[in-house]
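Chemist: So that we are looking at the same thing, I have put the structure below in structure tokens.
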Amino acid sequence: MTDGIDCASDKEELRDTIAEILDVPTSEVTDSAHFVDDLDVDSLLALEIAVVLEKKYGVQVAESEMKRLTCFQQVYELLRSRRGRAS
Amino acid sequence: MSAPADLVVTGIGVVSPLAAMAALAAPPRAGNAAPAPAADAWFDADARLGPRGHKYLPPAARYLLAAAGDALADAGDCLAGIPEERRGAAVGTNHAVAALHARMDRTVISEGADGLSPATAPFFSVNLFGSHLSGRFALKAFNVTVTSPGVAGLEAVQMGLRAVTAGRSALLLAAATEEAREGGTHTDSGAVALVFERRQAATARPVRRHGSCRVRSAFVPPSLLREASGRAQARDRLVAHLAEPGADAPPTHLVLDDSPVAAVAAQAVGATGAAVTYEAVGSGSLRPMLRLAGLLAVARGPARLVSAIAQGHVAWAETRPEDARADGSAPC
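As they're listed, the protein sequences go chains A and B.
Residues in the first sequence are numbered consecutively from 1, following the UniProt record's numbering.
Residues in the second sequence are numbered consecutively from 1, following the UniProt record's numbering.
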């Protein structure tokens, strides 16, 4: 499990992870790219993201929270706040 | 027989580590039993399906999409002018989901159900393979999945043709797909897809008509074969189906296991006087469909394929090339 999610390299690692889940080039996962409108994320892929975030970062994301996460930057902020709270 | 004479095969798609189509029509006597290479290393998903959209599909779903794409491409512009709700699909499989189930079992045991991949989990249901196919190619008239041991592919053709004959669709994509079970042979992986349409529609455009195909099936209760009288009864019933009075039996290819049911089917075929070739059915429903595709692609005269398996399922397909192929030309 990854310990921190604060530095730039952690953010880029998270971006790589999200890109791999979505099966898109990392360059398409910009901070503001909309998951649904720009990256074709559907409900199953959203759940896939939640499962991987829990496995890799130990952060549980409820389904209701996933619905409010519309772009990568929001996922990053959520993980950073959760990891900060846990440490 | 289950299909009217005016339905022809215009598209054939084969995704298999086995050899080319000509080899499929004249297989060796023994079944292939090459050891499995790493997973599906023989199949380049990116090259066949594009760089995106298949990451979470089980291998058998990928094979099915590739074979269907090839069959539809072979059939030319067959979907143009046919409304989506007039296109049907029938898929046969035995093991498409077996390896995935095994992987899921291991995940549940080691991590719990929360460890399952949500994007892959829907394929827990074997019907998803056909559903995904229908969604991808807009085949909305009907969608049926058949799982009879060994003969599922042939029965998918049979049931699909029956639906077309009943007027439920104008076009049928019938297919079989398999992923070899863990520890199985890689030659039991792959997919075959066939496009059937009305001859009138096919002759209206420049596309090769591979031939016509009819399928029937029967069930021989294995318990019936414990006694000699039961075996004789089963054999005679099959002979009655297979023999056509006054007509020579077509060359017949047997795709069998080593069961009493298969032995009775082989005896029945022998009684028709047909020239016979044989191979082992392998694991799953793919092998009979590979041979059927081969016969449709290259046979120059009527031919028959008979498959039988221990559980009692017997199915036979009869193919007939379009007349022009008898003199070496491809009908268009």
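The beta carbon of each residue, even a glycine, is placed where N, CA and C say it ideally should be.
According to a CB-to-CB cut-off of less than 9 Å, which residues of the UniProt domain "Beta-ketoacyl synthase-like N-terminal" (48-187) of chain B neighbour chain A?
Modeler: P51, R52, G53, H54, K55, Y56, E111, D114, G115, L116, S117, P118, A119, T120, A121, P122
Chemist: Mind checking which residues open and close the beta strand (DSSP E) that includes Y278(B)?
Modeler: For the purposes of this step, residue 278(B) is taken as residue 278 along the second sequence, with counting starting at 1. 276-280 is the extent of the beta strand (DSSP E) around Y278(B).
Chemist: How long is the line joining the alpha carbons of I21(A) and L45(A), rounded to whole angstroms?
Modeler: As a first step, residue 21(A) must be located in the first sequence, where it is residue number 21. As a first step, residue 45(A) must be located in the first sequence, where it is residue number 45. Each residue's Cα considered, the two are about 8 Å apart.
Chemist: I'd like to check one pair, A174(B) with F196(B): are the Cβ atoms closer than 9 Å?
Modeler: Along the second sequence, one-based indexing puts residue 196(B) at 196. Along the second sequence, one-based indexing puts residue 174(B) at 174. Yes, these two residues count as a Cβ contact at 9 Å.
Chemist: Counting only beta-carbon atoms, is V24(A) nearer than 9 Å to chain B?
Modeler: Counting from 1 along the first sequence, the entry for residue 24(A) is found at position 24. Contacts with chain B at 9 Å (Cβ-Cβ) include V24(A).
Chemist: Is there a Cβ from chain B that is less than 9 Å from the Cβ of L53(A)?
Modeler: Here residue 53(A) refers to the residue found at position 53 of the first sequence. Judged by the 9 Å Cβ criterion, L53(A) is not in contact with chain B.
Chemist: Could you tell me the alpha carbon to alpha carbon distance between V108(B) and V192(B), rounded to whole angstroms?
Modeler: Here residue 108(B) refers to the residue found at position 108 of the second sequence. Here residue 192(B) refers to the residue found at position 192 of the second sequence. Cα-Cα distance, rounded: 32 Å.
Chemist: If N94(B) and A156(B) are in contact, beta carbons under 8 Å, what's the gap, nearest whole angstrom?
Modeler: Start at 1 with the first residue of the second sequence, and residue 94(B) comes out as number 94. Start at 1 with the first residue of the second sequence, and residue 156(B) comes out as number 156. With 8 Å as the limit, N94(B) and A156(B) do not qualify as a contact, their Cβ atoms being about 11 Å apart.
Chemist: Taking the alpha helix (DSSP H) that E65(A) belongs to, which residues open and close that run?
Modeler: In the first sequence, residue 65(A) corresponds to position 65, counting from 1. E65(A) -> alpha helix (DSSP H) spans 63-68.
Chemist: Roughly how many whole angstroms lie between the Cα atoms of R52(B) and I49(A)?
Modeler: In the second sequence, counting from the first residue as 1, residue 52(B) sits at position 52. In the first sequence, counting from the first residue as 1, residue 49(A) sits at position 49. Near 17 Å, if we compare the C-alpha coordinates of I49(A) and R52(B).
Chemist: Confirm, please, whether the CB-CB distance from C71(A) to D31(A) is below 9 Å.
Modeler: As a position in the first sequence, residue 31(A) is number 31, starting the count at 1. As a position in the first sequence, residue 71(A) is number 71, starting the count at 1. Cβ distance < 9 Å, so D31(A) and C71(A) count as in contact.
Chemist: Strictly under 9 Å for the Cβ-Cβ distance: is E12(A) near chain B by that measure?
Modeler: Mapped onto the first sequence, residue 12(A) falls at position 12. So, not an interface residue.
Chemist: If contacts are defined as beta-carbon pairs under 8 Å, then A243(B) and A249(B) qualify, I think. What distance do you get, rounded to the angstrom?
Modeler: Counted from its first residue, the second sequence places residue 243(B) at position 243. Counted from its first residue, the second sequence places residue 249(B) at position 249. About 7 Å separates the two Cβ atoms, so the contact holds.
Chemist: Report the rounded CA-to-CA distance for W316(B) versus S217(B), giving the unit in angstroms.
Modeler: Position 316 of the second sequence, counted from the first residue, corresponds to residue 316(B). Position 217 of the second sequence, counted from the first residue, corresponds to residue 217(B). Going from the Cα of W316(B) to the Cα of S217(B) covers about 6 Å.
Chemist: Looking only at its chain, what residues have a beta carbon closer than 8 Å to the beta carbon of P222(B), apart from the 5 residues adjacent to it on each side?
Modeler: Here residue 222(B) corresponds to residue number 222 of the second sequence, with the count starting at 1. Closer than 8 Å at Cβ, skipping near neighbours: S259, P260, V261, A310, Q311, G312.
Chemist: Going by the CB atoms, is the gap between L290(B) and V9(B) shorter than 9 Å?
Modeler: Position 9 of the second sequence holds residue 9(B). Position 290 of the second sequence holds residue 290(B). In this structure, the beta-carbon distance from V9(B) to L290(B) does not fall below 9 Å.
Chemist: Let's see if you can read the secondary structure: which residues bound the beta strand (DSSP E) around V91(B)?
Modeler: For the purposes of this step, residue 91(B) is taken as residue 91 along the second sequence, with counting starting at 1. Segment 87-92, the beta strand (DSSP E) holding V91(B).
Chemist: Can you name the residues of chain B whose CB is closer than 7 Å to the CB of L47(A)?
Modeler: Looking up residue 47(A) in the first sequence gives position 47. Correct list: P118.
Chemist: Can you give the Cα-Cα distance for A275(B) and Q267(B), rounded to whole angstroms?
Modeler: In the second sequence, residue 275(B) corresponds to position 275, counting from 1. In the second sequence, residue 267(B) corresponds to position 267, counting from 1. For A275(B) and Q267(B), the distance between alpha carbons rounds to 13 Å.
Chemist: Does the beta carbon of P260(B) come closer than 9 Å to any beta carbon on chain E?
Modeler: This model lacks chain E altogether; the protein chains it does include are A and B.
Chemist: With a Cβ-Cβ cutoff of 9 Å, do H253(B) and P17(B) count as a contact?
Modeler: Locating residue 253(B) in the second sequence gives position 253, counting from the first residue. Locating residue 17(B) in the second sequence gives position 17, counting from the first residue. Not in contact: H253(B) and P17(B) (Cβ atoms no closer than 9 Å).
Chemist: Please state if the CB of R68(A) and the CB of Q74(A) are separated by a distance shorter than 9 Å.
Modeler: Counting from one through the first sequence, the residue named residue 74(A) turns up at place 74. Counting from one through the first sequence, the residue named residue 68(A) turns up at place 68. Yes, they are a contact pair.
Chemist: Please report whether the beta-carbon of A50(A) lies at a distance below 9 Å from any beta-carbon of chain B.
Modeler: Within the first sequence, numbered from 1, the residue matching residue 50(A) stands at position 50. Yes, contact with chain B.
Chemist: Of all the options A121(B), S110(B), M159(B), L64(B), which has the alpha carbon lying nearest to the alpha carbon of S134(B)?
Modeler: As a working mapping, residue 134(B) is identified with position 134 in the second sequence. The residue with the shortest Cα to Cα distance from S134(B) is L64(B).
Chemist: 9 Å is my cut-off, CB to CB: does L44(A) come that close to chain B?
Modeler: Numbered from 1 along the first sequence, position 44 holds the residue referred to as residue 44(A). Yes, contact with chain B.
Chemist: Does the Cβ-Cβ distance between S148(B) and S285(B) come in under 9 Å?
Modeler: Counted from its first residue, the second sequence places residue 148(B) at position 148. Counted from its first residue, the second sequence places residue 285(B) at position 285. Yes, the Cβ-Cβ distance between S148(B) and S285(B) is below 9 Å.
Chemist: Among the residues of its own chain, which have a CB less than 8 Å from the CB of L292(B), if the five just before and after it don't count?
Modeler: Here residue 292(B) is taken as the residue at index 292 of the second sequence, counted from 1. Answer for L292(B): G153, L154, V157, V192, L194, C213, L305, A317, T319, listed in chain order.
Chemist: By Cβ distance, which residues of its chain are closer than 7 Å to K140(B), with the 5 residues on each side in sequence left out?
Modeler: Counting from 1 along the second sequence, the entry for residue 140(B) is found at position 140. Once the five neighbours on either side are set aside, the close Cβ partners of K140(B) are E84, E85, R87, S134.
Chemist: Give the range of the beta strand (DSSP E) segment to which V15(B) is assigned.
Modeler: Stepping through the second sequence from its first residue, residue 15(B) is reached at position 15. Element bounds for V15(B): 7-15.
Chemist: Terminal residues of the continuous alpha helix (DSSP H) containing T203(B)?
Modeler: As a first step, residue 203(B) must be located in the second sequence, where it is residue number 203. Element bounds for T203(B): 199-203.
Chemist: Residue range of the beta strand (DSSP E) that A317(B) falls in?
Modeler: Translated into positions along the second sequence, residue 317(B) becomes position 317. Start and end: 313-320.
Chemist: Kindly indicate which residue of R48(B), Y56(B), A60(B) has the alpha-carbon position closest to the one of A73(B).
Modeler: The residue you call residue 73(B) lines up with position 73 of the second sequence. Of R48(B), Y56(B), A60(B), the residue nearest in Cα terms is R48(B).
Chemist: Using the rule of at least 16 other Cβ atoms within 10 Å of the residue's Cβ for burial, across every protein chain shown, is S189(B) buried or exposed?
Modeler: For the purposes of this step, residue 189(B) is taken as residue 189 along the second sequence, with counting starting at 1. Its Cβ being crowded by 16 or more others within 10 Å, S189(B) is buried.
Chemist: Express the C-alpha separation of A113(B) and A98(B) in angstroms, rounding to a whole number.
Modeler: Start at 1 with the first residue of the second sequence, and residue 98(B) comes out as number 98. Start at 1 with the first residue of the second sequence, and residue 113(B) comes out as number 113. Distance between the alpha carbons of A98(B) and A113(B) is about 18 Å.
Chemist: Under 9 Å, do A234(B) and V255(B) count as touching if we go by C-beta distance?
Modeler: In the second sequence, the residue the question calls residue 234(B) occupies position 234. In the second sequence, the residue the question calls residue 255(B) occupies position 255. For A234(B) and V255(B), no; Cβs fall outside 9 Å.
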